[in-house]
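Encoded as structure tokens, the structure appears first; notes follow it.
Numbering (the numbering used here), first residue to last: 1 to 174.
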């Protein structure tokens with residue numbers, strides 16, 4: 001291509017399982033940060049995930065604190081909450097975790113470079129440009145899905161990537 005170099009990097013990730021938690025982790029004597037019991041799913045309903053759901057203005061998944069994007073991963077967070085119950089040691093042997101999925105992610109980075117030979121055969125100039133998140137799209141992190149905080153259940157609050165960044169370089173080879 002006449003001294004041009006193109007180097008794309010495509011990153012794609014499928015949606016990871018979401019762990020719906022119930023309680024503060026003290027039910028079974030668990031201690032430490034993040035220790036909690038996984039809730040048991042009792043329903044099989046349509047809990048279609050997608051970022052295009054607007055969080056309700058009140059009730060489950062509304063993010064009453066006013067923080068977050070105003071988006072919810074679930075169309076009806078209360079119906080999703082109703083599909084789960086606390087673990088019961090007398091009848092549950094496994095939590096069957098991973099019945100809900102989080103958000104998928106993708107990104108494209110691109111590097112362009114052009115090498116220009118100078119009249120002296122031993123010298124050249126190289127120009128390069130690197131674009132990170134070239135399409136400048138937002139990737140959200142998975143929301144919290146704890147039955148202990150229904151107001152924030154499924155509410156998307158955090159961006160998981162950086163905005164577009166561009167860096168350019170000029171190099172003189174001799």
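Backbone N, C-alpha and C fix where the C-beta goes; we use that ideal spot for every residue, glycine too.
Can you check DSSP and say which residues form a bridge with residue i?
i, result
"residue 168", "129"
"residue 18", "100"
"residue 140", "159"
"residue 5", "113"
"residue 81", "Bridge partners of residue 81: none, in fact."
"residue 108", "10"
"residue 40", "85"
Go ahead and label residue i buried or exposed: buried means 16 or more other beta carbons lie within 10 angstroms of its beta carbon, across all protein chains shown.
i, result
"residue 71", "buried"
"residue 156", "buried"
"residue 162", "exposed"
"residue 21", "buried"
"residue 118", "exposed"
"residue 8", "exposed"
Just to confirm, is the Cβ distance from residue i to residue j under 8 Å?
i, j, result
"residue 73", "residue 154", "yes"
"residue 18", "residue 101", "yes"
"residue 81", "residue 38", "no"
"residue 173", "residue 128", "no"
"residue 84", "residue 152", "no"
"residue 124", "residue 114", "no"
Going straight from the alpha carbon of residue i to that of residue j, what length do you get?
i, j, result
"residue 134", "residue 108", "6 Å"
"residue 50", "residue 110", "The pLDDT assigned to residue 50 is 42, lower than 50, so where the model puts this residue is not dependable, and the model offers no usable value."
"residue 91", "residue 15", "30 Å"
"residue 146", "residue 137", "28 Å"
"residue 4", "residue 130", "13 Å"
"residue 12", "residue 104", "8 Å"
"residue 77", "residue 112", "45 Å"
"residue 144", "residue 106", "21 Å"
"residue 150", "residue 89", "24 Å"
"residue 148", "residue 79", "15 Å"
"residue 2", "residue 99", "52 Å"
"residue 169", "residue 142", "36 Å"
"residue 246", "residue 6", "Since the first residue shown for the chain is 1 and the last is 174, residue 246 is missing from the structure and cannot be characterised."
"residue 10", "residue 75", "30 Å"
At a Cβ threshold of 8 Å, is residue i touching chain B?
i, result
"residue 151", "Here there is only one protein chain, and chain B is not present."
Just to check my reading of the structure: residue i and residue j have Cβ atoms closer than 8 Å, yes? What is that Cβ distance to the nearest angstrom?
i, j, result
"residue 167", "residue 140", "At roughly 25 Å, the Cβ-Cβ gap does not stay under 8 Å, so residue 167 and residue 140 are not in contact."
"residue 164", "residue 132", "7 Å"
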